[in-house]
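Undergrad:
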Amino acid sequence: MFCKPSSSKNHSATCSVLQYADDTLLLLRGEVEDVQHLKRLLDQFSAATGLLINYHKSTAVPLHMDARALPQCIATLGCRQEGFPQTYLGLPLSCEKLKLTAFDPYICKTDRYLASWQASFLNPMGRTVLINAVLDGHLSYIMMSVALPPGVIAKIDKRRRGFLWTGDGESTGANCLIAWDRVRQWRSNGGLGIRDLAVQNICLLLKLLHRMHVGEQSSWAAWVRQHTCLATLSGDLQGPHWESLRSLLPLYQAITTVTVGDGQATSFWQDVWLNDECLSDRFPALHSHCKRGDKSVAATLSDGLRNQLVSRLTAEAAEELAVLENILSDVALSDARDTRHSPFADADGKLHTADLYALLKGVGASSGSPVNHFWGSCAPPRVQFFAWLLVHERIQCKANLARRKILPDDTCELCGRCPETVVHLLFFCDFAASFWRALGFDIPADMEAKNIRDLPRPIHIGKMHYDTFILVCCWSLWKRRNGITFRQETMTLRQTLQECKREAKAWSCRLPCTDQSLGDHWCNLFSLAM
Ligand SMILES: [Zn+2]
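Numbering-wise, our numbering puts 154 at position 147 of the sequence shown, and it's gapless, one number per residue.
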């Protein structure tokens with residue numbers, strides 16, 4: 008990569024080298040003399056070691072250099088001339104804002120994964136695991152370094168959504184049974200736990216910001232510290248990448264506190280460095296009179312706080328100034344670097360993105376989601392997925408299909424009288440009602456799908472793993488309905504209870520070892536009801 012020639016001529020033909028494995032980046036001044044010098048060095052290296060450099064596979068990227076010198080520089084090296092973006096260590100490298108096409112390799116990689124999976128053999132829970140573990144995993148690397156544009160996230164989400172609901176790269180609104188926003192909520196909040204890439208991207212970039220502040224050993228962090236003020240991220244480092252990091256600074260400041268040393272890396276107004284509140288929150292009137300609110304602690308204390316303020320203060324601001332000056336009189340800076348602390352960091356100072364992600368997604372805000380207990384039940388994953396749809400009233404019964412205009416009519420095929428809603432099908436349709444009665448259940452008239460877990464438990468049914476027992480029943484009723492609707496099967500009550508017994512026997516292997524005898528208890532219950 009050639010850089011703009013320096014105006015000073017006293018340089019000694021040096022160049023910076025970044026090398027990782029076999030990916031080498033050489034940065035040198037865009038002058039013929041420097042390029043010839045580099046070529047001689049490389050030739051000598053080849054002669055001495057016998058390692059030949061393949062110039063045909065190398066590229067030269069001119070950057071703000073004299074166009075007249077360019078042809079000779081390229082001819083000297085004998086490599087191809089290219090522009091930005093360049094791929095270095097798998098990341099798109101550019102001095103300008105990256106276009107969406109720069110991220111195509113990542114989208115193509117997603118497509119390759121999707122094409123290689125036999126999606127039709129996977130149930131939705133299997134596909135969920137692949138999305139979380141593989142599709143999202145391969146994006147972590149780029150999301151740790153670069154803010155993905157919303158357009159790229161939309162393209163990837165389209166593929167993830169299609170794969171989840173149809174096993175294909177595409178889906179229509181009719182295929183998506185639950186809104187994508189809901190799907191991306193955590194399970195404890197009623198979602199499916201599919202990762203929200205935009206939020207995950209923010210978490211990973213916060214980790215990058217944190218490394219700038221605490222990365223004692225990182226030469227990259229040391230280089231950043233030389234070129235920018237960490238308190239405000241203002242300085243020599245410009246461009247869209249730094250703007251995106253700068254936009255995350257308020258969030259980073261909100262999740263960290265600082266023990267001030269030299270005060271260089273701490274924002275006077277925005278960081279929490281005195282007590283447990285940032286000064287802009289504690290002294291809002293005074294802060295509103297500040298001409299430049301982005302100074303570091305060191306800069307503010309050396310320039311004097313009053314020099315940052317407008318000349319006329321309101322009575323309230325003057326009062327706050329007196330209090331703040333009194334507090335600052337006790338502050339003494341040292342030569343040590345500022346130290347960052349965060350409740351999201353471990354003892355080694357590493358930021359944990361999982362906890363941050365949970366915070367940003369508001370996990371726990373409605374942790375009483377009715378589906379919570381079913382995720383923890385011993386039902387097979389595909390039945391847990393069914394339970395998730397069930398409590399959201401999104402299983403593909405006729406009322407739901409008619410509502411989305413997929414079917415013209417929503418009449419229940421089993422009784423031919425009522426609309427086939429989730430609750431009707433599983434609790435109030437003639438067959439379902441007799442099924443629950445046979446098992447000794449008394450279904451409340453105001454039964455709702457979201458309250459399915461609160462179905463009153465008959466005394467003879469054990470309390471342990473009651474969630475799993477309810478799912479055995481609902482799953483068997485659903486399978487019976489599908490058998491009748493799609494395969495014209497007939498299943499009597501006795502046959503359905505036998506089916507429940509088979510399921511209970513199979514599922515009991517999934518119970519904890521100490522509770523596996525419960526399977527026999529359930530089988531007895533179904534036998535007695537026949
Ligand atoms: Zn019915």
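Note that beta-carbon positions come from the ideal geometry of N, C-alpha and C, so glycine has one too.
Source: prediction; values computed, not measured.
Since S287 contacts Q277 with CB under 8 Å, what's their CB separation in whole angstroms?
TA: With 8 Å as the limit, S287 and Q277 qualify as a contact, their Cβ atoms being about 6 Å apart.
Undergrad: Under 8 Å from any heavy atom of ligand 1, does the C-beta of C6 make it?
TA: Past the edges of the chain, shown from 8 to 537, lies residue 6, and the structure says nothing about it.
Undergrad: If you drop the 5 nearest sequence neighbours on each side, which residues of the same chain put their C-beta closer than 8 Å to that of I477?
TA: Once the five neighbours on either side are set aside, the close Cβ partners of I477 are I459, R460, L462.
Undergrad: Since V136 is in the alpha helix (DSSP H), which residue starts that stretch and which ends it?
TA: V136 -> alpha helix (DSSP H) spans 131–137.
Undergrad: Quick test of the definition: if touching needs 3 or more C-beta pairs under 8 Å, does the region 434–444 touch the region 358–365?
TA: At 8 Å Cβ cutoff, the stretches do not touch.
Undergrad: Run the CB neighbour count on S13, radius 10 Å, all protein chains shown included, and call it buried at 16 or more, exposed below.
TA: Only weak support is given to the placement of S13: the predicted model assigns it a pLDDT of 49, under 50, and the value that follows is read from those uncertain coordinates. Counting Cβ neighbours within 10 Å, S13 comes out exposed, since fewer than 16 surround it.
Undergrad: My understanding is that S101 touches F91, with C-beta atoms under 8 Å, so please give their C-beta distance in whole angstroms.
TA: That belief holds up - the Cβ atoms of S101 and F91 are roughly 4 Å apart, short of 8 Å.
Undergrad: Could you name the residues that DSSP lists as bridge partners for P426?
TA: Note: P426 sits in a beta bridge opposite T418.
Undergrad: Would you kindly work out how many angstroms separate the C-alpha atoms of W227 and G242, rounded to a whole number?
TA: Answer to the nearest angstrom: the Cα atoms are 16 Å apart.
Undergrad: Are the CB atoms of A409 and V429 nearer to each other than 9 Å?
TA: No, these two residues do not count as a Cβ contact at 9 Å.
Undergrad: Residues around ligand 1, please: the condition is that the C-beta lies closer than 5 Å to some non-hydrogen atom of it.
TA: Spelled out in chain order, the answer is C419, L421, C422, C436.
Undergrad: Give the DSSP-derived three-state secondary structure of L478 in the structure shown.
TA: Helix.
Undergrad: Checking 9 Å against the spacing of the C-beta atoms, do T135 and L184 come in under that value?
TA: The answer is no: Cβ separation not under 9 Å.
Undergrad: Have a look at G133 and R75 and give me their C-alpha separation to the nearest angstrom.
TA: Between G133 and R75, the C-alpha separation is close to 59 Å.
Undergrad: Using three-state DSSP, classify V206 as helix, strand or coil.
TA: Correct three-state label for V206: helix.
Undergrad: On the criterion of 16 or more Cβ atoms from any shown chain inside 10 Å, does F550 qualify as buried, or is it exposed?
TA: Since the first and last residues shown for the chain are 8 and 537, residue 550 lies out of range.
Undergrad: Expressed to the nearest angstrom, what Euclidean distance is found between the alpha-carbon atoms of G37 and P257?
TA: Their Cα atoms are separated by approximately 39 Å.
Undergrad: Assign W280 to buried or exposed, taking buried as 16 or more other Cβ atoms, counted over all protein chains shown, within 10 Å of its Cβ.
TA: Result: buried.
Undergrad: Grab the span of the alpha helix (DSSP H) containing V39 for me, first residue to last.
TA: Per DSSP, V39 belongs to the alpha helix (DSSP H) from 39–56.
Undergrad: Alpha helix (DSSP H) containing Y113: first to last residue?
TA: 111–123 is the extent of the alpha helix (DSSP H) around Y113.
Undergrad: Using C-beta distances below 8 Å, list every residue in its chain close to L240, excluding the 5 sequence neighbours before and after it, in chain order.
TA: Contacts found: W249, L252, R253, L256.
Undergrad: What are the boundary residues of the beta strand (DSSP E) that Y95 is part of?
TA: Note, Y95: beta strand (DSSP E), 93–95.
Undergrad: Shortest alpha-carbon distance to A452 belongs to which of R191, C210, F434?
TA: Of R191, C210, F434, the residue nearest in Cα terms is F434.
Undergrad: What is the C-beta distance between I262 and S147, in whole angstroms, given that I count them as a contact (C-beta under 8 Å)?
TA: Not confirmed; about 20 Å, so no contact.
Undergrad: Just the C-alpha distance for K368 and C480, rounded to the nearest angstrom, thanks.
TA: Near 34 Å, if we compare the C-alpha coordinates of C480 and K368.
Undergrad: Quick check: what's the CA-CA separation for K104 versus E223?
TA: Going from the Cα of K104 to the Cα of E223 covers about 30 Å.
Undergrad: How big is the Cα-Cα spacing for K486 and P112?
TA: Straight-line Cα distance between these residues: approximately 42 Å.
Undergrad: Under DSSP, the alpha helix (DSSP H) around P388 begins and ends at which residues?
TA: Taken as a continuous stretch (DSSP letters only), the alpha helix (DSSP H) holding P388 covers 388–398.
Undergrad: Distance check for E400 and E198, CA to CA, integer angstroms please.
TA: It should be pointed out that residue 198 corresponds to Gly in this sequence rather than to Glu. Each residue's Cα considered, the two are about 13 Å apart.
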